[in-house]
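When we follow the numbering used here, the leftmost residue of the sequence shown carries the number -12, and every step to the right adds one. Take a look at the structure below.
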Amino acid sequence: MQPPHPHSLVRDHTIYACVMGSRAFGLATDDSDTDRRGVFLAPTELFWRFEKPPTHVEGPAEEQFGWELERFCSLALRANPNILECLHSPLVEHVDATGRELLALRGAFLSRQAHETFARYALGQRKKLDADVRTHGAPRWKHAMHLLRLLMSCRDLLRTGTLTVDVGDQREALLAVKHGEVAWARVESWMARLAAEAEEAVHRSPLPAEPDRARVEDFVVRTRHASALRARTDLGTASDLRTAEADPHDEIVQGVVRGRALRER
């Protein structure tokens, strides 16, 4: 099997696709982009080659990005914020039977480890905002808004055990930050309060200490196996068609060649 173009993997093998970014967060305005994210299942036989299929693909459309299933699950098990939120997008554009199985596993990826990964990501973003303030006298307000949203998401996940992507009734307050209508000192205070609330929530969180890695791995293995079986069935069907279409003389020639080979042994 010839390795397909990466974009073909997205077009032909996507199991789940959604919209992310401001539109999924409930923070879209007239000038917001449409960020599309997805998961594709590379055919199992591609992994038998020396050149493995890509772990992720950018495109084929603008603002589109997809992960191969195994890579996606690996990142989700490590509580990567972007990946977990992708699984919980309220704007699903495509899902097949395998994709529905993946969505049914959403709870298996969630654990108290999310506090560490969300907090680490938030700290990195906060350092960038502080650098902007030192250099330019003000942060990039859009980034400040999204950092607040992330901290809210982390706190609420730890409190409830449920990851909610849409900001709901916090939309106007967050958009005010984006438009630079809230003093930086107040934004800093808000961030500190959210971080403290998340720290407090982790100790009483209903989430398990670790994700259910065995359950997720079982899903990936079963999915790979099913893909291999489909390929074998397709190959068998193609072989049967070739046999049915073969000229009778071909069978005679093949029989003679096989017979001669046996005698030569």
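Glycine is no exception: its CB is placed at the ideal position from the N, C-alpha and C atoms.
For E197, I'd like the list of residues in its chain whose CB is within less than 6 Å of its CB, leaving aside the five on either flank, ordered along the chain. Here residue 197 refers to the residue found at position 210 when the sequence shown is read from its first residue. Correct list, in chain order: S98.
D(-1), enclosing alpha helix (DSSP H) - first and last residue: For the purposes of this step, residue -1 is taken as residue 12 along the sequence shown, with counting starting at 1. Run containing D(-1): P(-7) to H0, per the alpha helix (DSSP H) assignment.
Mapping the DSSP letters down to three states, classify R146 as helix, strand or coil. Within the sequence shown, residue 146 is the residue found at index 159, counting from 1. DSSP places R146 in helix when its eight states are reduced to three.
With a 10 Å radius around its C-beta and 16 neighbouring C-beta atoms as the bar for buried, classify I239 as buried or exposed. Mapped onto the sequence shown, residue 239 falls at position 252. For I239, the predicted model reports a pLDDT of 34, less than 50, meaning its position is unreliable; a value from the coordinates is still stated below. The residue in question, I239, is exposed, as its Cβ has fewer than 16 Cβ neighbours within 10 Å.
Return the first residue and the last residue of the alpha helix (DSSP H) that H166 is part of. For the purposes of this step, residue 166 is taken as the residue at position 179 of the sequence shown. Premise fails: H166 is in no alpha helix (DSSP H) and is neither H nor E.
Throw me the rounded Cβ distance for the V44 and D22 pair, which I believe falls under 8 Å. Taking the first residue of the sequence shown as position 1, residue 44 is located at position 57. Taking the first residue of the sequence shown as position 1, residue 22 is located at position 35. 15 Å between Cβ atoms; not a contact.
Local Cβ density within 10 Å of E72, reported as buried at 16 or more and exposed below that: Within the sequence shown, numbered from 1, the residue matching residue 72 stands at position 85. Buried, by the Cβ-count rule.
When the Cα of L150 is compared with those of P47, A63 and G53, which residue comes out closest? In the sequence shown, the residue the question calls residue 150 occupies position 163. When only C-alpha atoms are compared, the closest one is A63.
Let me know the beta strand (DSSP E) ranges lying completely inside the segment 74 to 147, each 3 residues or longer, listed in chain order. 79 to 82
Would S19 be called buried (16 or more neighbouring beta carbons within 10 Å of its own) or exposed? Here the question's residue 19 lines up with position 32 in the sequence shown. Counting Cβ neighbours within 10 Å, S19 comes out exposed, since fewer than 16 surround it.
When DSSP builds the beta bridges, which residues end up paired with E55? For the purposes of this step, residue 55 is taken as residue 68 along the sequence shown, with counting starting at 1. E55 pairs with F27.
With a threshold of 16 other CB atoms inside 10 Å of the CB of D(-1), please say whether the residue is buried or exposed. Within the sequence shown, numbered from 1, the residue matching residue -1 stands at position 12. Counting Cβ neighbours within 10 Å, D(-1) comes out exposed, since fewer than 16 surround it.
Can you give me the C-alpha to C-alpha distance between R65 and H(-8), rounded to a whole angstrom? Along the sequence shown, read from residue 1 onward, the residue named residue 65 stands at position 78. Along the sequence shown, read from residue 1 onward, the residue named residue -8 stands at position 5. About 29 Å.
Proximity below 7 Å, CB of L56 to CB of V82: For the purposes of this step, residue 56 is taken as the residue at position 69 of the sequence shown. For the purposes of this step, residue 82 is taken as the residue at position 95 of the sequence shown. Not in contact: L56 and V82 (Cβ atoms no closer than 7 Å).
Backbone secondary structure at D22 - three-state DSSP: Numbered from its first residue, the sequence shown carries residue 22 at position 35. Strand at D22.
Rounded to the nearest angstrom, what separates A172 and A95 at their Cα positions? The residue given as residue 172 occupies position 185 in the sequence shown. The residue given as residue 95 occupies position 108 in the sequence shown. A172 and A95: Cα-Cα distance of roughly 38 Å.
Sub-7 Å separation of V207 and C60 beta-carbons: As a first step, residue 207 is located in the sequence shown; it is residue number 220 there, counting from the start. As a first step, residue 60 is located in the sequence shown; it is residue number 73 there, counting from the start. A contact, by the Cβ cut-off of 7 Å.
Length of the line joining the Cα atoms of E168 and Y108: Position 181 of the sequence shown, counted from the first residue, corresponds to residue 168. Position 121 of the sequence shown, counted from the first residue, corresponds to residue 108. Distance between the alpha carbons of E168 and Y108 is about 25 Å.
Judging by CA-CA distance, which residue of D117, V79 and L33 is the nearest neighbour of R10? By one-based count along the sequence shown, residue 10 stands at place 23. Cα-wise, what sits closest to R10 is V79.
What did DSSP end up calling H212 once you bin it into helix, strand or coil? On the sequence shown, residue 212 is found 225 positions in, with the first residue counted as 1. Helix, per DSSP.
Quick one: is S140 buried, meaning 16 or more other Cβ sit within 10 Å of its Cβ, or exposed? Counted from its first residue, the sequence shown places residue 140 at position 153. S140 should be labelled buried.
In whole angstroms, what is the alpha-carbon distance linking D237 and R58? The residue labelled residue 237 in the question sits at position 250 within the sequence shown. The residue labelled residue 58 in the question sits at position 71 within the sequence shown. With a pLDDT of 42 at D237, under the threshold of 50, the modelled position of this residue cannot be trusted; read the value that follows with caution. Between D237 and R58, the C-alpha separation is close to 47 Å.
Range covered by the alpha helix (DSSP H) that runs through E45: To locate residue 45, count along the sequence shown from 1; it is residue 58. Note, E45: premise wrong, no alpha helix (DSSP H); beta strand (DSSP E) at H43 to E45.
For the alpha helix (DSSP H) containing E38, list its first residue and its last residue. Along the sequence shown, read from residue 1 onward, the residue named residue 38 stands at position 51. Careful: E38 lies outside any alpha helix (DSSP H) and carries neither H nor E.
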